[in-house]
Amino acid sequence: MIIRRRGRFLIVVTVIIIMIYILSGVIPKLIRTLYPMKYEDTISKYAVEYGLDIYLIAAIIKVESNFDTLARSNKGALGLMQIKASTGKWIGEKLGINDFEEEMLYQPEMNIKMGCWYLNYLLKYYDGNIQLALAAYNGGLGNVNKWLKDERCSEDGVSLKYIPFEETSTYIKKISKAYNIYKRIYSISN
12 MIIRRRGRFL IVVTVIIIMI YILSGVIPKL IRTLYPMKYE DTISKYAVEY GLDIYLIAAI
72 IKVESNFDTL ARSNKGALGL MQIKASTGKW IGEKLGINDF EEEMLYQPEM NIKMGCWYLN
132 YLLKYYDGNI QLALAAYNGG LGNVNKWLKD ERCSEDGVSL KYIPFEETST YIKKISKAYN
192 IYKRIYSISN
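Numbering-wise (the working numbering), the sequence shown opens with residue 12 and increments by one.
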């Protein structure tokens, strides 16, 4: 009787160990399917050029467009990093792109370059404050500046305790979640 129980126990333990081994290979692959790292070379190139975290850029693209190069928001933002044509034109001028056209925002290389430049600009503008830069990326620089002057939103004029746009507040939370996932699943293999 005791030998049978030990035998069953060993079989159960062996099955559990085999399942853990199998799932340890499947789960990371599943997570990488849900959180892809498409355009990694381009992301890396412009993240390095503009002093940004590659995983932050991947998280922004994941949240903004889910890596759909043809994504177009109901507010007219285009491409991977969801840049509005007017913002793209302004960024193009800053980057010396004289022949900027809206369709360029559908090109992964151009969109990522412009998105990284713009995020870098916002980070410099807000002295490296990622929350403010992301809030401005989503909700607009003018709105963030108004919020910083509003006592209901900011106690010190340099950080936000409350974001009145639910979309922007949710956006920052989604970016943070995606960033943590990207950092966890891709930094292990790199």
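Note that beta-carbon positions come from the ideal geometry of N, C-alpha and C, so glycine has one too.
According to DSSP, LYS95 shares a beta bridge with ALA88. No residue range can be given for GLU166, since it is assigned to no alpha helix (DSSP H) and is classified by DSSP as neither H nor E.
The continuous stretches of alpha helix (DSSP H) do not include GLU113, and DSSP gives it neither H nor E. For ILE123, the enclosing alpha helix (DSSP H) starts and ends at 119-136. Here ALA70 is actually not in contact with TYR148; their C-beta atoms are around 12 Å apart, not less than 8 Å. The residue among LYS105, GLY153, MET48 and SER187 with its C-alpha nearest the C-alpha of PHE176 is GLY153. Counting only the Cα atoms, GLY62 lies some 22 Å from PRO47. With distances taken between CA atoms, TYR117 lies nearest to ALA82 out of GLY139, GLY87 and ALA82.
Looking at TYR66, GLY168, LYS100 and ILE174, the one whose alpha-carbon comes closest to that of ASP138 is GLY168. Nearest to MET92 by C-alpha distance, out of VAL74, LYS160 and ASN109, is VAL74. In terms of Cβ geometry, ILE123 and ILE27 do not form a close pair [threshold 8 Å]. A straight-line Cα-Cα distance of about 11 Å links ILE72 and LEU89.
A straight line joining the alpha-carbon of ILE183 with that of GLU120 spans about 24 Å. Residue burial annotation: VAL155 is buried, with at least 16 other C-beta atoms found within 10 angstroms of its C-beta.
For LEU67, the uninterrupted alpha helix (DSSP H) segment begins and ends at 65-76. Across the set THR181, SER76, GLU60 and ASN191, the C-alpha of SER76 shows the shortest separation from the C-alpha of LYS49.
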